[in-house]
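Read through the structure below, which is laid out as structure tokens, and then see the notes.
Protein chains: 4
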Amino acid sequence: MPSTRYPRPSERDDFGRVMSFTDAVFAIAMTLLVVEIGVPETIEGASDDPGALLGAFADKGPLIFAFFLGCYVIGFYWAAHHRFMSWLDAVDRGFVLLTVVYLTFVALLPFPTGVLGEFGQNPISVTAFALNMGAVSGMETVLFAYARRRRLFREELPDDVYRWALGSSLLPVLAFALSIPVAFVLPLLSIALWFLAYPLQVVWTRYRPAATGRYLA
Amino acid sequence: MPSTRYPRPSERDDFGRVMSFTDAVFAIAMTLLVVEIGVPETIEGASDDPGALLGAFADKGPLIFAFFLGCYVIGFYWAAHHRFMSWLDAVDRGFVLLTVVYLTFVALLPFPTGVLGEFGQNPISVTAFALNMGAVSGMETVLFAYARRRRLFREELPDDVYRWALGSSLLPVLAFALSIPVAFVLPLLSIALWFLAYPLQVVWTRYRPAATGRYLA
Amino acid sequence: MPSTRYPRPSERDDFGRVMSFTDAVFAIAMTLLVVEIGVPETIEGASDDPGALLGAFADKGPLIFAFFLGCYVIGFYWAAHHRFMSWLDAVDRGFVLLTVVYLTFVALLPFPTGVLGEFGQNPISVTAFALNMGAVSGMETVLFAYARRRRLFREELPDDVYRWALGSSLLPVLAFALSIPVAFVLPLLSIALWFLAYPLQVVWTRYRPAATGRYLA
Amino acid sequence: MPSTRYPRPSERDDFGRVMSFTDAVFAIAMTLLVVEIGVPETIEGASDDPGALLGAFADKGPLIFAFFLGCYVIGFYWAAHHRFMSWLDAVDRGFVLLTVVYLTFVALLPFPTGVLGEFGQNPISVTAFALNMGAVSGMETVLFAYARRRRLFREELPDDVYRWALGSSLLPVLAFALSIPVAFVLPLLSIALWFLAYPLQVVWTRYRPAATGRYLA
Numbered sequence: 001m002p003s004t005r006y007p008r009p010s011e012r013d014d015f016g017r018v019m020s021f022t023d024a025v026f027a028i029a030m031t032l033l034v035v036e037i038g039v040p041e042t043i044e045g046a047s048d049d050p051g052a053l054l055g056a057f058a059d060k061g062p063l064i065f066a067f068f069l070g071c072y073v074i075g076f077y078w079a080a081h082h083r084f085m086s087w088l089d090a091v092d093r094g095f096v097l098l099t100v101v102y103l104t105f106v107a108l109l110p111f112p113t114g115v116l117g118e119f120g121q122n123p124i125s126v127t128a129f130a131l132n133m134g135a136v137s138g139m140e141t142v143l144f145a146y147a148r149r150r151r152l153f154r155e156e157l158p159d160d161v162y163r164w165a166l167g168s169s170l171l172p173v174l175a176f177a178l179s180i181p182v183a184f185v186l187p188l189l190s191i192a193l194w195f196l197a198y199p200l201q202v203v204w205t206r207y208r209p210a211a212t213g214r215y216l217a
Numbered sequence: 001m002p003s004t005r006y007p008r009p010s011e012r013d014d015f016g017r018v019m020s021f022t023d024a025v026f027a028i029a030m031t032l033l034v035v036e037i038g039v040p041e042t043i044e045g046a047s048d049d050p051g052a053l054l055g056a057f058a059d060k061g062p063l064i065f066a067f068f069l070g071c072y073v074i075g076f077y078w079a080a081h082h083r084f085m086s087w088l089d090a091v092d093r094g095f096v097l098l099t100v101v102y103l104t105f106v107a108l109l110p111f112p113t114g115v116l117g118e119f120g121q122n123p124i125s126v127t128a129f130a131l132n133m134g135a136v137s138g139m140e141t142v143l144f145a146y147a148r149r150r151r152l153f154r155e156e157l158p159d160d161v162y163r164w165a166l167g168s169s170l171l172p173v174l175a176f177a178l179s180i181p182v183a184f185v186l187p188l189l190s191i192a193l194w195f196l197a198y199p200l201q202v203v204w205t206r207y208r209p210a211a212t213g214r215y216l217a
Numbered sequence: 001m002p003s004t005r006y007p008r009p010s011e012r013d014d015f016g017r018v019m020s021f022t023d024a025v026f027a028i029a030m031t032l033l034v035v036e037i038g039v040p041e042t043i044e045g046a047s048d049d050p051g052a053l054l055g056a057f058a059d060k061g062p063l064i065f066a067f068f069l070g071c072y073v074i075g076f077y078w079a080a081h082h083r084f085m086s087w088l089d090a091v092d093r094g095f096v097l098l099t100v101v102y103l104t105f106v107a108l109l110p111f112p113t114g115v116l117g118e119f120g121q122n123p124i125s126v127t128a129f130a131l132n133m134g135a136v137s138g139m140e141t142v143l144f145a146y147a148r149r150r151r152l153f154r155e156e157l158p159d160d161v162y163r164w165a166l167g168s169s170l171l172p173v174l175a176f177a178l179s180i181p182v183a184f185v186l187p188l189l190s191i192a193l194w195f196l197a198y199p200l201q202v203v204w205t206r207y208r209p210a211a212t213g214r215y216l217a
Numbered sequence: 001m002p003s004t005r006y007p008r009p010s011e012r013d014d015f016g017r018v019m020s021f022t023d024a025v026f027a028i029a030m031t032l033l034v035v036e037i038g039v040p041e042t043i044e045g046a047s048d049d050p051g052a053l054l055g056a057f058a059d060k061g062p063l064i065f066a067f068f069l070g071c072y073v074i075g076f077y078w079a080a081h082h083r084f085m086s087w088l089d090a091v092d093r094g095f096v097l098l099t100v101v102y103l104t105f106v107a108l109l110p111f112p113t114g115v116l117g118e119f120g121q122n123p124i125s126v127t128a129f130a131l132n133m134g135a136v137s138g139m140e141t142v143l144f145a146y147a148r149r150r151r152l153f154r155e156e157l158p159d160d161v162y163r164w165a166l167g168s169s170l171l172p173v174l175a176f177a178l179s180i181p182v183a184f185v186l187p188l189l190s191i192a193l194w195f196l197a198y199p200l201q202v203v204w205t206r207y208r209p210a211a212t213g214r215y216l217a
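Protein chains in written order, with this note's numbering: chain D, 1 to 217; chain R, 1 to 217; chain P, 1 to 217; chain C, 1 to 217.
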């Protein structure tokens, strides 16, 4: 029996597939976070007592906070990956393999996020989350450096633009690293330090080479 | 060793990637709902007794109802997003970041859906679900307003069409808001109120500017 | 600050998005089935005793069987959807909404599959699975009929081809319906009846109008 | 009411859909692995005691090791599938059905990975993982042979290139098969044997026909 044939479109899209696999891993890691909150099955008091259920929600407070923290972090890293890929003109086999390593750390994120929700005051939770995010950020830097070395950018980046962008991609690594020693003194303050990447970015932008916009829009 | 190169197709599709990430988050949130039903592991009586298993299914009734409610709500919001995106000609970086915030609320939905299945008679369950859906709907309105301000629509919307469509996107927010006080008196009626968005939409359509179809098909 | 703009490619792909959402729901439903097997956390005897772990695997036998059954069923329905969509030239808003209803039943499948793994000898498990699959199959028939009524096929189907294909899509519904009464007498035989769709299909193919291949490859 | 029509782009992409379904199954199997680690809910000692949480992490050590092992294995198999598909010019219905069988084994992987994390010293865990991976690898070989028989490659493969590539795809099957008897003597060594595929590949590459690069880049 002849079998219907589905031809490849004239434009090959092996490039796009790297993004769609990445998108799926990010989307699942983000959506799985909700499983860690856990639906309460019993509450103290009658099942239709608003106060009792509100109490159960209050107990879930730190887990819900960890859910939003994890979601935004994963979401904004996805947005950063979206931006990065928009600068590229091609990927190669080595890039595909490095992407797999990068996604391994993204897939792990629901674990430290869940631990942070359960033990938010514990410096080890904060450290675990910071290390995992640092690994994601670090792999981003590796992908960036690899892409330049293999000439995967649409236009070849001048040295100063490249160095500035590399520094920029290291700012979150710096913020995560700084937060670890602080976690052993003041766990909650150290979570706040993760957002230090934003003001650092503002300062760093002052040193941005004029040509950056042309290469990295 | 040279590494095989996979070039980007001539037509860039950074636009499409925003949709594929969104599709994945919606699909996972919808499919994860089934986990909250939970497969019974033991039943009262012999494991091959139809009556005993039917009894276990009956106990799962509210959870199965919550599954279908959650699925339709998520599915129809996805359909609304599909329609909305079909009107746009471009997205920008700000749009991508707002989409991440929007998807955070979509990813949270399995939690209040599960709570609703366990404590359907409790006004707090109904309130939590209504608040979460209201946040999803509200972010839809924000995306709509942002898209117009940044001129992302295929054709620029006239003022009257824009105002009418903005009102239209607020109708579900209104229905969800109305249901919250009612939940404290009659929880089940308040769930029915969520579907009030449909008749409200019918009424609202009467005030639709004649040119709407040309811009928002 | 100006925000980078990502334009839509010249060829709009609102059509493709319906498939990518469908693909994601099918993929997740298929992959979630593995969660129902459940990893044993303790075994009777030493943790490195092969016999003890083999015993634990044997206890999981019905769950593993249900996993494969569920995977093939979902996988082959996905393949059927792939084939169906390859015949279409367009979708419309009504088609999108019917697809959401169809996917709701696909997303539910891990629940009866899990129940079947736990209570394979119970006629109610078999009935629940058959009803769920019947609903998926039935919605496929609805999508097929809708697509013809709205002229969404690449070439308009002649009446005889349409009637034959509609009958073809109802054969699994027939097999699932027949299995329900049998389940109350011989549960395992009734599972075998689900595969009756294949020989029925062979017989049905004899009545295939000659022109079918031209329209439905 | 007329319903908005979304036409298919001029280039049909039934080919691409096979990849996007595959990508989603791989991405979910990879991301679900994190669920098997499990977030600890209580620790011995105060909830903010770093030593106690560190102890809980140490207990999770084998599960975290199994997570990374599973992620890399799934990730590198995805990369191999990405490469394989880049050589094809078309798929057909038979290929789609074989892909479903292949994905069934991919979807099962989180189960033996979880068992390996719980019972890493047990030869049966190692055997189960090796059998599952062997099935994935074996189905890859089947897809490769099928694709050649149905002339789905961009350019028809000469006999020597085909035989060499088929042998290459069987090397992991060999490594997994060898590891099973070893598992009953030295479980941890047998895990190391899985990586034997890499040195075997290096040796095998010496026998690579000169024309290979032209057909299988």
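Idealized CB from N, CA, C, for every residue including glycine.
Quick caveat, the model's predicted, so the values are computed rather than measured.
As assigned by DSSP and simplified to three states, the class of residue i
i              : result
residue 5(R)   : strand
residue 14(R)  : helix
residue 153(P) : strand
residue 195(C) : coil
residue 214(C) : helix
residue 50(R)  : helix
residue 62(D)  : helix
residue 186(P) : coil
residue 42(P)  : coil
residue 163(C) : helix
residue 148(P) : helix
residue 207(P) : coil
residue 158(C) : coil
Buried or exposed by the 16-neighbour rule on C-beta atoms within 10 Å, applied to residue i
i              : result
residue 199(C) : exposed
residue 86(D)  : buried
residue 202(P) : exposed
residue 179(P) : buried
residue 22(C)  : buried
residue 6(R)   : buried
residue 96(C)  : buried
residue 181(D) : exposed
residue 213(R) : exposed
residue 211(D) : exposed
residue 39(C)  : buried
residue 24(P)  : buried
residue 188(D) : exposed
Contact list for residue i against chain A, beta-carbon separation under 8 Å
i             : result
residue 79(R) : No chain A appears in the structure shown, which is made up of the protein chains D, R, P and C.
Open item on the list: Counting beta carbon pairs with one atom in the segment 34-54 of chain C and one in the segment 123-139 of chain P, are three or more of them shorter than 8 Å?
Closed with: no
Task: Those runs of the alpha helix (DSSP H) which lie wholly inside the segment 82-137 of chain C and span at least 4 residues - done: 93-108, 110-118
Open item on the list: Assess contact between the segment 55-63 of chain R and the segment 96-111 of chain R, defined as three or more Cβ pairs (one per stretch) separated by less than 8 Å. Is contact present?
Closed with: no
Open item on the list: When you compare the segment 160-167 of chain C with the segment 105-117 of chain C, are there three or more beta-carbon pairs, one atom per stretch, that lie closer than 8 Å?
Closed with: no
Task: the segment 88-98 of chain C touching the segment 13-21 of chain C, judged by at least three CB pairs closer than 8 Å - done: yes
Task: Residues from the segment 131-150 of chain C in contact with chain D, defined by Cβ distance under 8 Å - done: 150
Open item on the list: Along the segment 8-21 of chain D, where does the CB come closer than 9 Å to a CB of chain C? Name the residues.
Closed with: 8, 9, 10, 11, 12, 13, 14, 16, 17, 18, 20, 21
Task: the segment 143-157 of chain C in contact with the segment 184-196 of chain C per 3-pair CB rule at 8 Å - done: no
TODO: Flag this pair as touching only if the segment 72-86 of chain C and the segment 130-140 of chain C have three or more C-beta atom pairs under 8 Å; answer yes or no.
DONE: yes
- [ ] Anything in the segment 34-46 of chain C with a Cβ closer than 8 Å to a Cβ of chain D? List those residues in chain order, please.
- [x] 34, 35, 37, 39, 40, 41, 43
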